[in-house]
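Note that my numbering has the sequence shown beginning at 27, numbered continuously upward.
The structure under discussion appears below in the form of structure tokens.
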Amino acid sequence: MSWLYGRIIRPILFTQDAELAHERTMRSLAWVSRNEIVCDAVESIFSAPGLPVELFGLRFPNPVGLAAGMDKYAAAVPAWEALGFGFSELGGVTWHAQPGNPQPRLFRAVAEEAIVNRMGFNNPGAETLAAKLAEWRASARWPNHPVGINLGKSKATPLEKAAEDYANSFRVLLPHADFFVVNVSSPNTPHLRQLQDRAALEEILTAMQEVQSRTECRVSSVEGRKKPILVKVAPDLSFEALDEIAGLALARGLAGIVATNTTISRPETNDAQIQRVYAEAGGLSGRPLRSRSTEMIRHLYQQTKGNVPIIGVGGIFVADDAWEKIAAGASLIQIYTSLVYRGPGVVKEIVRGLLERMELEGFKELSQAVGTRAKGH
Ligand SMILES: Cc1cc2nc3c(=O)[nH]c(=O)nc-3n(C[C@H](O)[C@H](O)[C@H](O)COP(=O)(O)O)c2cc1C
């Protein structure tokens, strides 16, 4: 399957503009999602072996999740399970529907297996997304894995009204997902990352927790528990700023931290084509992000003494990359860019590789591997 993707499907997709290729892929996956027989056939090819993880009251069939930004319209909710993912994070969604930045806004740096994007939260708005999710549930095609929603701030909303904006989205989406990620780390909404500042973040979390206590909404599997809220951080934060967020996570009882989003930094390169892509404004993802994201995870794990679960994301292409993140302190991992470069078979390959690695190390559960290499950085 990886051969088919690498030799035939990817070359065809890569002759097209990156966003057009993304839209066409999403249309195909939406079609797969609506057709039970096709969806089952896809699942029979791509489903990953079981490697269950229990975290914040949810059961994940395996630890490899779809990262935010791929399915902003909830177009292919059932397909992500068929492709082997152990969970999916939909969105980013904002309170107001918005078109995002002008195109072109998505660029491939092929030789580096990287992407630069400045999509700017193109999305249908929280209410439309909620209606779409209700439709999937009613169709009885809801996946058998945890579904999360990534929340962003509407571009039209000034920073000082950010808490209200996040809380509004949260209120309408609360019944429709298993967990929520507060995204204050996208580089593509002006000033958004200032919300990583402790006071601003605290205001957003307070507003969301108020919504939560007003709404009688419980995690389906664990009676009486509120739905988990996580915060997603940028890889460009200093360790001091990260420590503030870690402190807040502990103080406010956050379910976890997603580390990391894309970076605004660029590695050195002599390749002219790559230099042109890197000169584009936006966030860089993929291979060049791997080690910085791992460093952030390791730092967070140490700082919180492993008491705040971490979802590790950034440059994971193979099982060794996933293992590196887990050993640094991640309890779950997510991928985006490797799906583009390596195709859907990547999920199954990573889960298989993790199982092999666990056997080699003599671990019975993945949780035993979490943070085993978190010391001495
Ligand atoms: C085109 C694109 C759009 C993205 N949109 C979002 C988003 O809406 N919200 C978010 O938190 N992260 C978003 N991300 C970041 C990814 O979720 C992920 O954190 C990042 O790409 C690093 O993982 P990767 O190296 O596996 O791609 C986006 C990434 C890409 C490439």
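For glycine and all other residues, C-beta sits at the position ideal for the given N, C-alpha and C.
So, helix, strand or coil for G110, using DSSP? Counting from 1 along the sequence shown, the entry for residue 110 is found at position 84. G110: coil per DSSP, three-state reduction.
Can you give me the C-alpha to C-alpha distance between E186 and L218, rounded to a whole angstrom? By 1-based counting over the sequence shown, the position of residue 186 is 160. By 1-based counting over the sequence shown, the position of residue 218 is 192. E186 and L218 have their alpha carbons spaced roughly 11 Å apart.
Do you know how far the Cα of A272 is from the Cα of G397? Looking up residue 397 in the sequence shown gives position 371. Looking up residue 272 in the sequence shown gives position 246. Straight-line Cα distance between these residues: approximately 16 Å.
What separation, rounded to the nearest whole angstrom, lies between the Cα atoms of S28 and G371? Position 2 of the sequence shown holds residue 28. Position 345 of the sequence shown holds residue 371. The straight-line gap separating the alpha-carbon atoms of S28 and G371 is approximately 6 Å.
Buried or exposed (CB count within 10 angstroms, at least 16 for buried), S246: For the purposes of this step, residue 246 is taken as the residue at position 220 of the sequence shown. Unreliable positioning characterises S246 in this predicted model, as indicated by a pLDDT of 47, which lies under 50. The coordinate reading is nonetheless provided below. Here S246 is exposed, its C-beta having fewer than 16 other C-beta atoms within 10 Å.
Could you tell me the alpha carbon to alpha carbon distance between D191 and T241, rounded to whole angstroms? Here residue 191 is taken as the residue at index 165 of the sequence shown, counted from 1. Here residue 241 is taken as the residue at index 215 of the sequence shown, counted from 1. So the alpha carbons of these two residues sit roughly 17 Å apart.
Outcome for G110 when other beta-carbon atoms lying within 10 angstroms are tallied against a minimum of 16: Residue 110 sits at position 84 when you count from the first residue of the sequence shown. That one is buried.
Assign R144 to one of three DSSP states: helix, strand, or coil. Stepping through the sequence shown from its first residue, residue 144 is reached at position 118. The three-state reading of DSSP puts R144 in coil, since its state is none of H, G, I, E or B.
Residue closest to N148, alpha-carbon to alpha-carbon, out of G312, K258, A94, L392: Against the sequence shown, residue 148 aligns to sequence position 122. Checked all of G312, K258, A94, L392; the closest Cα to N148 is A94.
For the alpha helix (DSSP H) that contains N194, what are its first and last residues? One-based indexing of the sequence shown puts residue 194 at position 168. Counting along the chain, the alpha helix (DSSP H) containing N194 begins and ends at 188–199.
Identify the continuous beta strand (DSSP E) that holds V303 and give its terminal residues. As a working note, residue 303 is residue 277 in the sequence shown. No beta strand (DSSP E) holds V303; the alpha helix (DSSP H) holding it covers 298–304.
In chain order, which continuous runs of the beta strand (DSSP E) of length 3 or greater are located wholly inside the segment 260–324? For the segment 260–324, whole beta strand (DSSP E) runs of length 3 or above, ordered along the chain, are 282–285, 309–312.
Inter-residue CB distance, E139 and G312 (contact presumed, cutoff 8 Å): Position 113 of the sequence shown, counted from the first residue, corresponds to residue 139. Position 286 of the sequence shown, counted from the first residue, corresponds to residue 312. Their Cβ separation, rounded to whole angstroms, is 5 Å, which keeps E139 and G312 in contact under 8 Å.
Distance between P125 and P254 (C-alpha atoms, nearest Å): On the sequence shown, residue 254 is found 228 positions in, with the first residue counted as 1. On the sequence shown, residue 125 is found 99 positions in, with the first residue counted as 1. Taking C-alpha positions only, P254 is separated from P125 by approximately 29 Å.
Since V79 is in the beta strand (DSSP E), which residue starts that stretch and which ends it? Position 53 of the sequence shown, counted from the start, is the residue given in the question as residue 79. Counted as a single uninterrupted DSSP element, the beta strand (DSSP E) harbouring V79 occupies residues 79–81.
By the 10 Å Cβ neighbour count, where 16 or more other Cβ atoms means buried, how is E350 classified, buried or exposed? Against the sequence shown, residue 350 aligns to sequence position 324. Here E350 is buried, its C-beta having at least 16 other C-beta atoms within 10 Å.
If you measure between the beta carbons of A67 and K374, is that distance less than 8 Å? Within the sequence shown, residue 67 is the residue found at index 41, counting from 1. Within the sequence shown, residue 374 is the residue found at index 348, counting from 1. For A67 and K374, no; Cβs fall outside 8 Å.
Let me know the alpha helix (DSSP H) ranges lying completely inside the segment 208–255, each 4 residues or longer, listed in chain order. Inside the segment 208–255, DSSP marks whole alpha helix (DSSP H) runs of 4 or more residues at positions 224–240, from first to last along the chain.
Other residues of its chain near W106: CB distance less than 6 Å, five sequence neighbours each side excluded: Stepping through the sequence shown from its first residue, residue 106 is reached at position 80. Answer for W106: L92, S114, listed in chain order.
For A135: DSSP bridge partner residues: Start at 1 with the first residue of the sequence shown, and residue 135 comes out as number 109. A140.
Residue from V136, I336, D43 with nearest C-alpha to T320: For the purposes of this step, residue 320 is taken as residue 294 along the sequence shown, with counting starting at 1. Out of V136, I336, D43, I336 has the C-alpha closest to the C-alpha of T320.
Please work out which residues of its chain come closer than 8 Å, Cβ to Cβ, to P78, disregarding the five sequence neighbours upstream and downstream, and give them in chain order. Against the sequence shown, residue 78 aligns to sequence position 52. Only residues of its own chain outside the window of five on either side were considered, and among them R85, F86, P87, N88 have a CB closer than 8 Å to the CB of P78, listed in chain order.
Beta-ladder partner(s) of E115, from DSSP: For the purposes of this step, residue 115 is taken as residue 89 along the sequence shown, with counting starting at 1. As a beta-bridge residue in DSSP terms, E115 pairs with G174.
Own chain, CB closer than 6 Å to E69, minus 5 neighbours either side, in chain order: Position 43 of the sequence shown, counted from the start, is the residue given in the question as residue 69. Same-chain partners within the cutoff: A108.
Count the CB pairs spanning the segment 94–103 and the segment 151–166 that are closer than 8 Å, and state whether there are at least three. The segment 94–103 makes contact with the segment 151–166: 3 or more CB pairs, one atom from each, lie closer than 8 Å.
Beta-carbon separation (whole angstroms), A277 vs I283, contact threshold 8 Å: Translated into the one-based positions of the sequence shown, residue 277 becomes position 251. Translated into the one-based positions of the sequence shown, residue 283 becomes position 257. At roughly 13 Å, the Cβ-Cβ gap does not stay under 8 Å, so A277 and I283 are not in contact.
Mind the definition here: the segment 340–356 touches the segment 165–179 only if three or more C-beta pairs lie below 8 Å; say whether that holds. No contact exists between the segment 340–356 and the segment 165–179.
Spatial neighbours of G118 in its chain, beta-carbon cut-off 8 Å, leaving aside the 5 residues before and after: Here the question's residue 118 lines up with position 92 in the sequence shown. Excluding sequence neighbours, G118 sits near A94, G95, K98, F147, N149, N176, L177, G178, N209, S212.
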